[in-house]
Amino acid sequence: MKPLYYTLFLVIFSSVHYFVICQNVPSSRSSQASTLVGTRLYFFGGGASTEVWYLDLSNSFNISTPPWHNDIVMPVGYSFGTSCLSPIDNSTIYLIGGRTWMANTGNYLYLTSVYKFNSKTSQWTTPTINNFNYNFTTRNEIQAVINNNGKIFVFGGTNFNSQTILYYNDMNVLDITTMTWSTLNQSQSYITNVDYTATLLPNGNIAYVGGRSISSSKVVNITDMAKIQIFDTKSYTWSIKSASGSTIASRVSHSAVLTQDGNIIIYGGSLQNSSGYPVTVYSDIAVLNTSSWAWSIPSVSGTKAPPLTQHSAALYKNYMILAFGATSASNSYTNHVYILDIQNYTWVTTFNVPTTNPAK
């Protein structure tokens, strides 16, 4: 994405920010990071915001009045980064990469790329990392996953400055048990990728779906959704799965969640032109069976969510929860919450506290 595109968004975001937050409701935004911690779904930043919000999922609610709570602010404004929850204590959230800004301004900061948030004490710290790769400092448009051993994997991404924009195809690994960083250089046969979704499967493989790449001639290409890049976190090797079934439009900035039986559900995203600007925003749902590697399009009922891109998604019990994002290619943003019951693929207006996990 071009820096000017997001500078314009920051101006719009800042102009409405104060009015909305006074109502204890987050303002419209996109490109925030999000992580589910128990019954709290956290959201970090978006635009130049330093805000931290969470949805309380411990009680039922109507999506017209979500139970928003704001937490202590971040050290910086934050967008286009990624976050994940430590499996060691199930309370520490790691904020990785992203674009950082002086609080609620358009002034970009070239600062550290890793922050820790203690969700129990609401405290932010900057960890000391051994062997940190300083080429990662401005890395953004990425998605991290963390395995049960406490290793965070972050693939590719792009930098962000006012001059040359670079794309990367390295795999960066942060071991949070030793706070040691390592960078794996990849074969050029594997495409550079940004704006993808990354999903850790039960077998330890990471499935990378969609996104965009750049050719040797510097032409931006949208990745074929039928070509799923797989990274094995045990052997540190790559492979490609060719997905069959329904044809799914190529896209970037979509969302993905993993169901209990290993299916990946994606929502929305956008089609971009060769300059990296969105031209179409999608409102479709597709399901990737990771056993047969086949796409399908479920029959969906209820009042559907609008087109969304650069939004957040999380799976809580039988609910796929969507929040925030851009609703069009013309800088329209939302602060609404949308909920899909994946047991029957129905958009619902009421969140009822589930008692069991679905096998969908």
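Going by mature numbering (1 follows the signal peptide of the UniProt record, and there is no 0), the letters in the sequence shown line up with residues -22 to -1, 1 to 338, in that order.
Note that the Cβ used here is the ideal one computed from N, Cα and C, for glycine as well.
Model, not experiment: these values are computed from the prediction.
Problem - C-beta contact flag for Tyr260 and Pro276 at 8 Å - result: For this step, residue 260 is matched to residue 282 along the sequence shown. For this step, residue 276 is matched to residue 298 along the sequence shown. Cβ distance not < 8 Å, so Tyr260 and Pro276 don't count as in contact.
Exercise for the section: Would you mind giving the Cβ-Cβ distance between Ala221 and Ile206, rounded to the nearest angstrom? I have them listed as a contact below 8 Å. Expected result: Counting from one through the sequence shown, the residue named residue 221 turns up at place 243. Counting from one through the sequence shown, the residue named residue 206 turns up at place 228. Rounded, the Cβ-Cβ distance is 6 Å, consistent with contact.
Exercise for the section: Classify Phe133 as helix, strand or coil using the three-state DSSP reduction. Expected result: Numbered from 1 along the sequence shown, position 155 holds the residue referred to as residue 133. Three-state result, Phe133: strand.
Exercise for the section: Over the uninterrupted beta strand (DSSP E) stretch that includes Ala176, give me the two end residues. Expected result: Residue numbering aside, residue 176 sits at position 198 when the sequence shown is read from its first letter. Unbroken beta strand (DSSP E) run through Ala176: Thr175 to Leu178.
Exercise for the section: Give the straight-line distance between the Cα atoms of Phe39 and Lys295, rounded to the nearest whole angstrom. Expected result: Locating residue 39 in the sequence shown gives position 61, where the first residue counts as 1. Locating residue 295 in the sequence shown gives position 317, where the first residue counts as 1. Each residue's Cα considered, the two are about 15 Å apart.
Handout entry: Per DSSP, cross-strand counterpart(s) of Ile66
Key = For this step, residue 66 is matched to residue 88 along the sequence shown. Answer is none; Ile66 lacks a bridge partner.
Problem - Contact set for Asn96: own chain, Cβ-Cβ below 7 Å, skip 5 residues either direction - result: By one-based count along the sequence shown, residue 96 stands at place 118. Within the same chain, Asn96 has close Cβ partners Ser69 and Thr70.
Handout entry: Contiguous beta strand (DSSP E) assignments of at least 3 residues, all confined to the region 203 to 257
Key = 205 to 210, 215 to 220, 233 to 236, 241 to 245 and 248 to 250
Problem - Straight-line gap, Val151 to Ile320 (C-alpha atoms, nearest Å) - result: Position 173 of the sequence shown, counted from the first residue, corresponds to residue 151. Position 342 of the sequence shown, counted from the first residue, corresponds to residue 320. Looking at the two C-alpha atoms, the distance is approximately 32 Å.
Handout entry: For Met157, the nearest candidate out of Ala122, Lys94, Gly59 and Phe58 (CA to CA)
Key = As a position in the sequence shown, residue 157 is number 179, starting the count at 1. Here the closest residue by C-alpha is Lys94.
Exercise for the section: Would you kindly work out how many angstroms separate the C-alpha atoms of Gly303 and Ala11, rounded to a whole number? Expected result: In the sequence shown, counting from the first residue as 1, residue 303 sits at position 325. In the sequence shown, counting from the first residue as 1, residue 11 sits at position 33. Taking the straight line joining both Cα atoms gives about 11 Å.
Practice task
May I ask you to report which of helix, strand or coil DSSP gives Phe114?
Solution key: By one-based count along the sequence shown, residue 114 stands at place 136. If DSSP states are grouped into helix, strand and coil, Phe114 belongs with the helices.
Exercise for the section: Note down, one range per segment and in chain order, each beta strand (DSSP E) of at least 3 residues found wholly within the region 265 to 325. Expected result: 272 to 274, 290 to 294, 297 to 301 and 315 to 319
Problem - Best match in Asn137, Val198, Leu300 and Val265 for proximity to Leu236 [C-alpha to C-alpha] - result: Counting from one through the sequence shown, the residue named residue 236 turns up at place 258. Out of Asn137, Val198, Leu300 and Val265, Val265 has the C-alpha closest to the C-alpha of Leu236.
Exercise for the section: Along the beta strand (DSSP E) that carries Asp34, what are the first and last residues, could you check? Expected result: For the purposes of this step, residue 34 is identified with residue 56 of the sequence shown, where counting begins at 1. It spans Val30 to Asp34 - the beta strand (DSSP E) in which Asp34 sits, taken as one unbroken run.
Handout entry: Sub-8 Å separation of Thr201 and Gly247 beta-carbons
Key = By one-based count along the sequence shown, residue 201 stands at place 223. By one-based count along the sequence shown, residue 247 stands at place 269. Not a contact, by the Cβ cut-off of 8 Å.
Exercise for the section: Look at the alpha carbon of Tyr323 and the alpha carbon of Gly182, and state the distance between them as a whole number of angstroms. Expected result: For the purposes of this step, residue 323 is taken as residue 345 along the sequence shown, with counting starting at 1. For the purposes of this step, residue 182 is taken as residue 204 along the sequence shown, with counting starting at 1. If you take the alpha carbons of Tyr323 and Gly182, they lie about 27 Å apart.
Practice task
Round the Cβ separation of Val172 and Ile120 to the nearest angstrom and send it over; I've been treating them as touching at under 8 Å.
Solution key: Along the sequence shown, read from residue 1 onward, the residue named residue 172 stands at position 194. Along the sequence shown, read from residue 1 onward, the residue named residue 120 stands at position 142. Rounded, the Cβ-Cβ distance is 7 Å, consistent with contact.
Practice task
Please state whether DSSP places Lys98 in a helix, a strand or coil.
Solution key: Locating residue 98 in the sequence shown gives position 120, counting from the first residue. Coil at Lys98, not helix or strand.
Problem - Reduced DSSP secondary structure (H/G/I, E/B, other) of Met149 - result: Residue mapping note: residue 149 aligns to position 171 of the sequence shown, counting from 1. In this structure, Met149 counts as strand in the three-state DSSP scheme.
Problem - Closest by C-alpha distance to Ala185, when choosing among Val15, Ile192 and Asn241 - result: Counting from one through the sequence shown, the residue named residue 185 turns up at place 207. Minimum Cα distance to Ala185 is reached at Asn241.
Practice task
Label Val3 either buried or exposed according to how many other C-beta atoms from any shown protein chain fall within 10 Å of its C-beta, with 16 as the threshold for buried.
Solution key: Along the sequence shown, one-based indexing puts residue 3 at 25. Per the 10 Å Cβ criterion, exposed.
Handout entry: CA nearest to the CA of Leu19, picked from Trp31, Ser27 and Ser8
Key = Walking along the sequence shown from the start, residue 19 turns up at place 41. Comparing Cα-Cα distances from Leu19 to each of Trp31, Ser27 and Ser8, the minimum goes to Trp31.
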